[in-house]
Structures are given as structure tokens and as C-alpha cells.
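Novice:
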Amino acid sequence: MKAVCWHGKRNVQVDTVPEPQILNPRDAIVRVTLTGICGSDLHLYNGYVPTMKEGDVLGHEFVGEIVEVGSAVKSFSPGDRVIVPFSISCGDCWYCQQGMWALCDNSNPNSMVLEKVYGDTGAGIFGYSHLYGGYAGGQAEFVRVPFADTGLEKIPPQLGDEQVIFLTDVFPTGYQAAENCNIHEGDNVAVWGCGPVGLMAMKSARHMGAGKVVAIDRFPERLEMARTECGAEPLNYEEIDIPEALHNLTGGRGPDSCIDAVGMEAHGTGLEAAYDRVKQSLHLENDRPIALRQLIKACRKGGTISIPGVYSGFIDKMPMGAVFAKGLTIRTGQTHVHKYLRPLLQLVEKGDIDTTFIITHRMALDDAPMGYKIFDDKQDGCVKIVMKPQAASQMTH
Ligand code: NAD
Ligand code: ZN
């Protein structure tokens, strides 16, 4: 079968690899009908996540049709169209039972590595390095899905793949980021990053009753999308001082909550950004927390910092004094997609929230090398790419 494989820094290729097999009675094999490239994939693409191996199959956002199930799978059968959460969760461990699905104790066979570095492990993730289990991902024609009864959700027949694909990751991720802000009616929420995650966080914050939603980025087309689709006030961080502008927009107080939908590859200008860039390239710092420091500075006293953006290791010059002095709450983590999948699917079914507006590019899987490049470089107005494994190689947007 065809699959998008990692071949080193900024090098992905579409290879022919063996089709997946049922390895465990609780597995299902899914024929992928639509798959996306996520901002998290860019961290792999740019070589910031260790333990990637040449030939690893990428992709953790995908929907498809079941073609085979293991003998212990009870709720699904071949022919079912399904949504697949990006993290793999057993459903039986203490964490899954508490609803902390992305912290599953049983789905990461390489948990020892994370335990050494972080003190404990996270769940396995499709196509996301050997740290997270070494599972083959869904940017492929077929994928093996463990714990099928636990993770999968059937797609209602009236909904197309594009309407549900973002339930696998970025919609629940934006929703959890907003929920972590504990938004009260009329709260002011500022969101750094107008990529798919930031945009979904803005939509969700609106849905939860936020007052002002402010969107921060530097790409005009993304800021415009935040304005028109999410009712956000756009701020370009290359043109103005963000903490000052946010104070002015909120009566001098600062936003009640600030969402970091940027993560470890934040862009910036000036001395501070240069410092992080040099330290990261010398491996003296894992992540560039340029946006995160700004969030902490801008947030109002007693406010919440919500971090859906991915960080991988150690960061420098963390303004912990400001976090303490201002009494900030920090909430973060991988998204518990399983927890949000059904309620958010209902919002999509009712037509309350439509997430398809983020799709700017539709491609065939064969075009993945070009897709990664334009999404990483934010060329051609690219916000989100979806790819069809079986379609003819043709780009339409
Ligand atoms: P993306 O690359 O499309 O978006 C990132 C945006 O941040 C870009 O528009 C970029 O211009 C902007 N940005 C860069 N530096 C900035 C700065 N200093 N200030 C403001 N904006 C800045 O990616 P995405 O798909 O939207 O993902 C965003 C983050 O969320 C990534 O780190 C990704 O790994 C993470 N993520 C986390 C989860 C989770 O489970 N927590 C799930 C999905 C994605
Ligand atoms: Zn993702």
C-alpha cells in the first residue's frame, strides 16, 4: 500500500509499504478515506521530536471504513465508516476510567523511555515517533487501529468525511483548550496562533460564551479567517506590542484567559527570539517558548494560561516569578479526544459548529511531500490540508 513516510528533517516521501495486519483480537483494520496534516506533524517534519526512524508512517488525523476486525471486537464490523481519535487508549486502566484518555497507561509499548525523561508515560499516538509507541500512522491507504471498541465512533450516514475529520484531533483540541480556561459568560479570551488549533479554540470559546475573542498571528489570511469565521479581533504581532494591545482592549486588565495554540516552534523577532533559535539549534533548549512568555505577561491577574500547543522538553527563561506574582493557573496536555468525540459530533450533526472552513487545500496522498512543504512554510494561504489516499494526483483548492 501507499503511505507517507518520514525520511529525516524536511523529507517525507510516499513509499510502498506492507499492508497492516490484525495483531491483537481487539484490533480493526481501517481503509483510510480522508487524512489531514496536523501542526504536530510539522514538529516531526522539522526534526524536533526524537526517536523518529527512517520509513516511519506518519499521520494521526484520519477517517475511513473498517475492512477487517479482530475476533474480540464487538461493536464494529467491516463496512462501518469510522472516526479514529489520534491517541490510542485501552479504556480499562485507571486513567481511561477517569476520562484522561490521552494519559492511558496501557497503549504505549515504549513507555519506559518517557518514564525516564518525564517521570511517567502518555498514551500511544498514531504516527508520532517511537516515544509514543511507534504506531504506523493514518497518512496511508490502510491503518491498524488497536482497542477498536474503545476508540472508534461511527460516522452518521448524512455526514461526509470532511465534516467529521477534525473530530479526530484539532476540534477536540481547540475545545479542550477553551474548556481548560473555565470560561464565564463575557470573559475575554486571547488566542496565540491562528492555525487549525487556534481557530477551533476561538470557535469553542465563542460557543462557551466568551465576550471578546482576540486572535494573534502574523499571517493576514489566517487573521482574516479568525475574524470572519470566529468573530475574533485580529492582532498582528509583527506590527504591534501584543501585551500592550491586549491591555488596551480589556480596559487595562488583560484577558481573563490566554491560549497558546503555537507551541514549541514559535516564531518571533528581536533579541529574545534569536536567543531561543540559537539555543534550540545547539540543543541547549528543546522548545522556543516565545509565545508562552508573552501569554504570561499579557494575562490578567488570577487568569488562566491554557496550552494546547505541543512542548517537548526543557525551556529557558520561563517567567515563573510572573506566574506566581499574578496567581496564574496553567492547564495543558494532550487532548482527551475520546471524551469530546461524541458531544462534539452532536454539535456537528445539529449544524451548530461547522469546522470545514479551515480546509484550504485538498490533495491526493501522492502529493504529501508538497503538502508538508507548503503547510510548513505557510505558503499559498495554506491553513489545513486534507488528502485522499485513493484519489488521482490532483490538487484542488
Ligand atoms: P499551525 O502551524 O498551523 O499553527 C501555528 C500558528 O502559530 C501559525 O499560524 C503561526 O504563524 C503562529 N505563530 C507562530 N509564532 C507565533 C507567535 N509568536 N505568536 C502568535 N502566533 C504565532 O499548527 P496547528 O495545527 O494550529 O497546531 C498548533 C499547535 O497545537 C502545535 O504545537 C501542535 O503540535 C499543537 N497540537 C496539540 C494537540 C494536543 O493534543 N494538545 C493536538 C493538535 C495540535
Ligand atoms: Zn494533531
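With our numbering, the residue at position 241 of the sequence shown is 241, and numbering never jumps.
The beta-carbon is built from N, C-alpha and C at its ideal position, and this holds for glycine as well.
The alpha helix (DSSP H) with T33 in it runs from where to where?
Specialist: Reading the sequence shown from its first residue, position 33 is the one you call residue 33. No alpha helix (DSSP H) contains T33, which is instead part of the beta strand (DSSP E) from 28 to 36.
Novice: If you compare alpha carbons, which of I29, N286, V383, E239 is closest to F147?
Specialist: As a first step, residue 147 must be located in the sequence shown, where it is residue number 147. When each option's Cα is compared against that of F147, the closest is I29.
Novice: When DSSP labels each residue in this structure, what does P25 get in the three-state scheme?
Specialist: The residue labelled residue 25 in the question sits at position 25 within the sequence shown. Coil at P25, not helix or strand.
Novice: If we call anything under 8 Å between Cβ atoms a contact, is T33 one with V57?
Specialist: Here residue 33 refers to the residue found at position 33 of the sequence shown. Here residue 57 refers to the residue found at position 57 of the sequence shown. The answer is no: Cβ separation not under 8 Å.
Novice: Is P196 near I358, with beta carbons less than 8 Å apart?
Specialist: The residue you call residue 196 lines up with position 196 of the sequence shown. The residue you call residue 358 lines up with position 358 of the sequence shown. It is a contact, given that the beta carbons lie within the stated cut-off.
Novice: I want to check one thing, is the minimum distance from the CB of C382 to the heavy atoms of the ligand FAD below 7 Å?
Specialist: No copy of the ligand FAD occurs in the structure displayed; its ligands are the ligand NAD and the ligand ZN alone.
Novice: Could you say which of D161, R31, E285, V117 lies nearest to A140 if we only look at CA atoms?
Specialist: Numbered from 1 along the sequence shown, position 140 holds the residue referred to as residue 140. Ranking D161, R31, E285, V117 by Cα distance to A140 puts R31 first.
Novice: Would you give the residue range spanned by the beta strand (DSSP E) that Q13 belongs to?
Specialist: Taking the first residue of the sequence shown as position 1, residue 13 is located at position 13. Where Q13 is concerned, the enclosing beta strand (DSSP E) stretches over 12 to 16.
Novice: Going straight from the alpha carbon of D27 to that of K74, what length do you get?
Specialist: Position 27 of the sequence shown, counted from the start, is the residue given in the question as residue 27. Position 74 of the sequence shown, counted from the start, is the residue given in the question as residue 74. For D27 and K74, the distance between alpha carbons rounds to 11 Å.
Novice: Going by beta carbon distance, what residues of the same chain come within less than 6 Å of Q390, once the five residues before and after it are set aside?
Specialist: For the purposes of this step, residue 390 is taken as the residue at position 390 of the sequence shown. Closer than 6 Å at the Cβ level, and outside the excluded window around Q390, lies no residue.
Novice: Is it right to say N11 is buried, meaning 16 or more other beta carbons lie within 10 angstroms of its own, or is it exposed?
Specialist: Here the question's residue 11 lines up with position 11 in the sequence shown. It is exposed - the Cβ of N11 has fewer than 16 other Cβ atoms within 10 Å.
Novice: Does the Cβ of Q97 have 16 or more other Cβ atoms within 10 Å, making it buried, or fewer, making it exposed?
Specialist: Within the sequence shown, the letter at position 97 stands for residue 97. Answer is exposed; the Cβ neighbour count stays below 16.
Novice: Have a look at the DSSP bridge pairing and note the partners of G124.
Specialist: The residue you call residue 124 lines up with position 124 of the sequence shown. G124 pairs with I88.
Novice: Quick one, which of G127, M202, E224 has its alpha-carbon nearest K53's?
Specialist: Taking the sequence shown and counting its residues from 1, the one referred to as residue 53 is at position 53. Of the candidates G127, M202, E224, the one whose C-alpha sits nearest the C-alpha of K53 is G127.
Novice: Cβ atoms of A190 and P255: under 8 Å apart, would you say?
Specialist: Along the sequence shown, read from residue 1 onward, the residue named residue 255 stands at position 255. Along the sequence shown, read from residue 1 onward, the residue named residue 190 stands at position 190. The answer is yes: Cβ separation under 8 Å.
Novice: Could you say which of R342, G263, D276, L199 lies nearest to A232 if we only look at CA atoms?
Specialist: The residue given as residue 232 occupies position 232 in the sequence shown. Here the closest residue by C-alpha is L199.
Novice: Run the proximity test for D169: is its beta-carbon closer than 7 Å to any non-hydrogen atom belonging to the ligand NAD?
Specialist: Taking the sequence shown and counting its residues from 1, one reaches residue 169 at position 169. Yes, the ligand NAD has a heavy atom inside 7 Å of this Cβ.
Novice: Between the C-alpha atoms of T401 and H60, what's the straight-line distance to the nearest angstrom?
Specialist: With the chain covering 1 to 397 only, the question about residue 401 has no answer from this structure.
Novice: What would DSSP say about A215, mapped onto helix, strand or coil?
Specialist: What you label residue 215 is simply residue 215 of the sequence shown in a count that begins at 1. In the structure shown, A215 sits in a strand (DSSP, three-state: E or B).
Novice: For R253 versus C230, is the C-beta distance shorter than 8 Å?
Specialist: As a first step, residue 253 is located in the sequence shown; it is residue number 253 there, counting from the start. As a first step, residue 230 is located in the sequence shown; it is residue number 230 there, counting from the start. No; because the gap between Cβ atoms is not below 8 Å, this pair is not in contact.
Novice: Are H247 and W101 closer than 8 Å when you measure CB to CB?
Specialist: Sequence index remark: in the sequence shown, residue 247 carries index 247 (1-based). Sequence index remark: in the sequence shown, residue 101 carries index 101 (1-based). Not in contact: H247 and W101 (Cβ atoms no closer than 8 Å).
Novice: Compute the Euclidean distance between the alpha carbons of I37 and I385, then round it to the nearest angstrom.
Specialist: Taking the first residue of the sequence shown as 1, we reach residue 37 at position 37. Taking the first residue of the sequence shown as 1, we reach residue 385 at position 385. The straight-line gap from Cα to Cα measures roughly 6 Å.
Novice: Can you find a heavy atom of the ligand NAD that lies under 7 Å from the Cβ of G193?
Specialist: Counting from 1 along the sequence shown, the entry for residue 193 is found at position 193. G193: yes, Cβ under 7 Å from the ligand NAD.
Novice: Tell me whether Y237 counts as near the ligand NAD, meaning its Cβ is closer than 7 Å to at least one heavy atom of that ligand.
Specialist: For the purposes of this step, residue 237 is taken as residue 237 along the sequence shown, with counting starting at 1. Flag set: Cβ of Y237 near the ligand NAD.
Novice: Smallest Cα separation from R362: which of G209, F219, L103, D161?
Specialist: In the sequence shown, the residue the question calls residue 362 occupies position 362. Closest by alpha carbon: D161.
Novice: How many whole angstroms separate the CB atoms of L292 and D260, which I take to be in contact at a CB cut-off of 8 Å?
Specialist: Against the sequence shown, residue 292 aligns to sequence position 292. Against the sequence shown, residue 260 aligns to sequence position 260. 5 Å between Cβ atoms; contact.
Novice: State yes or no: is the C-beta of C181 within less than 8 Å of the C-beta of T355?
Specialist: Position 181 of the sequence shown, counted from the start, is the residue given in the question as residue 181. Position 355 of the sequence shown, counted from the start, is the residue given in the question as residue 355. The answer is no: Cβ separation not under 8 Å.
Novice: In three-state DSSP terms, what is Q394?
Specialist: The count along the sequence shown starts at 1 and reaches residue 394 at position 394. Below a pLDDT of 50, predicted positions are generally treated as unreliable, and Q394, at 40, falls in that range; no measurement from the model is reported.
Novice: Express the C-alpha separation of K212 and K116 in angstroms, rounding to a whole number.
Specialist: For the purposes of this step, residue 116 is taken as the residue at position 116 of the sequence shown. For the purposes of this step, residue 212 is taken as the residue at position 212 of the sequence shown. Approximately 42 Å between the Cα atoms of the pair.
Novice: Does the ligand NAD have even one heavy atom less than 7 Å from the beta-carbon of K339?
Specialist: To locate residue 339, count along the sequence shown from 1; it is residue 339. Checking the Cβ of K339 against the ligand NAD gives no.
Novice: Q163 to D352, Cα distance in whole Å?
Specialist: Numbered from 1 along the sequence shown, position 163 holds the residue referred to as residue 163. Numbered from 1 along the sequence shown, position 352 holds the residue referred to as residue 352. When rounded, the distance between both Cα atoms is 12 Å.
Novice: With the cut-off set at 8 Å, would you say C104 and Y95 are in Cβ contact?
Specialist: By one-based count along the sequence shown, residue 104 stands at place 104. By one-based count along the sequence shown, residue 95 stands at place 95. The answer is yes: Cβ separation under 8 Å.
Novice: At the level of alpha carbons, what is the spacing between R288 and R277?
Specialist: Counting from 1 along the sequence shown, the entry for residue 288 is found at position 288. Counting from 1 along the sequence shown, the entry for residue 277 is found at position 277. Roughly 7 Å between the two C-alpha positions.
Novice: Does the count of Cβ pairs from the region 335 to 349 and the region 362 to 373 closer than 8 Å reach three?
Specialist: The region 335 to 349 is not in contact with the region 362 to 373.
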